[in-house]
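Chemist: Structure provided below as structure tokens; questions to follow.
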Amino acid sequence: KGSIAHNAYKKDLIQERHRHRYEFNNKFKEQFEEKGMQFTGINPDSDLIEVIEVPELKWFLGTQFHPEYNSTVISPNPLFMSFMSAVINNKKEINKE
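Using the working numbering, the first residue of the sequence shown is number 493, and each one after it goes up by one.
Take a look at the structure:
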């Protein structure tokens with residue numbers, strides 16, 4: 493909770509479509525965490541990393557799944573809405589300066 497992904501989806505558990513042949517090697521997880529990366533989405537069945545974030549940045553999120561597969565113009569994936577909201581808010585901050 494409190495992550496970009498959780499704030500976007502407003503859920504503790506999500507289901508998304510995958511089409512990947514790669515995975516994060518969990519033996520490096522601690523090293524990435526030491527440098528500030530957070531693993532905010534982990535598959536409960538396989539322990540695979542699904543979502544990464546860097547909280548020190550305004551909006552940094554990476555996924556193993558494909559949010560574009562279930563997005564339409566009328567109903568965009570929550571991650572895209574979150575990203576666009578961050579872009580708009582950042583532009584407003586810049587314009588204030």
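C-beta: ideal position from N, C-alpha, C; glycine also.
Looking at residue 501 and residue 547, is the spacing between their C-beta atoms short of 7 Å?
Modeler: Going by C-beta atoms, residue 547 is not nearer than 7 Å to residue 501.
Chemist: Quick check on this structure: which residue in 538, 520, 563, 494 has the alpha carbon closest to the alpha carbon of residue 532?
Modeler: Comparing Cα positions, the closest option is 494.
Chemist: Can you have a look at residue 553 and say buried or exposed, based on whether 16 or more other CB atoms are within 10 angstroms of its CB?
Modeler: Its Cβ being crowded by 16 or more others within 10 Å, residue 553 is buried.
Chemist: Rounded to the nearest angstrom, what separates residue 525 and residue 519 at their Cα positions?
Modeler: Approximately 12 Å, taken between the alpha carbons.
Chemist: Since I believe residue 498 is in contact with residue 556 (beta carbons under 8 Å), could you give me their beta-carbon distance rounded to a whole number of angstroms?
Modeler: At roughly 17 Å, the Cβ-Cβ gap does not stay under 8 Å, so residue 556 and residue 498 are not in contact.
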